[in-house]
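Residues in the sequence shown are numbered consecutively from 1331, following this note's numbering.
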Amino acid sequence: MRFEFATATRIIFGPGTVRELADAAAGLGRRALLVTGASAERAAPLGAGLDTVPFAVRGEPTVDLIRRGAGQARQEQCDLVIAIGGGSAIDAGKALAALLTNPGDPLDYLEVIGRGRALEQPPAPFIAVPTTAGTGSEVTRNAVLDSPEHGVKASRERLPPPRGSTRSRN
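Here it is as structure tokens:
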């Protein structure tokens, strides 16, 4: 069974829908930061036909990890973020999409431990391909980041929806 559901974002669900990833991404950007879980090679076939820059998230996304990823995405001139994996990869992808179009550090935007500034620009286009069930990260607009130096997990609530955001579940 295949269906499409549109609310604040677009959700495509059904067997084989992940094969639509390249077509969906082509209309959103020219070079994608491909955010994955620890097994980046597992997601490689999904990036076939796309100009991608791999970025692995090996656990809970941290503020430092997002700093490094944002720097890499900017250096590689990425204009789209695709996150494939569980909640950690998807949260990292959402944070990275926000920092691609907004200047500064993650702590500029995080609530509780940071400055809690609002994003000035919508995040870069973002596609989430969840591979696990239960976190719900693919249907929320906030990104939860771990800050070991503060001893907490914090998020940036009320992220505006990314331009052209799409979620796909296979």
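Positions of the beta carbon are idealized from the N, C-alpha and C atoms, including for glycine.
Between alanine 1370 and isoleucine 1412 the beta-carbon gap is near 12 Å, outside 8 Å, which marks them as no contact. Here DSSP, grouped into helix, strand and coil, assigns alanine 1484 to strand. Aspartate 1353 sits in a helix when the DSSP states are folded into three classes.
For threonine 1382, the enclosing beta strand (DSSP E) starts and ends at 1382-1386. In chain order, Asp1381 and Asp1409 place their CB closer than 7 Å to the CB of arginine 1360, counting only its own chain and leaving out the 5 sequence neighbours on each side. The C-alpha of glycine 1344 is placed about 14 Å away from the C-alpha of threonine 1462. DSSP, read as helix, strand or coil, puts arginine 1397 in helix. A buried status is given to glycine 1367, since no fewer than 16 other beta-carbon atoms sit within 10 Å of its beta-carbon.
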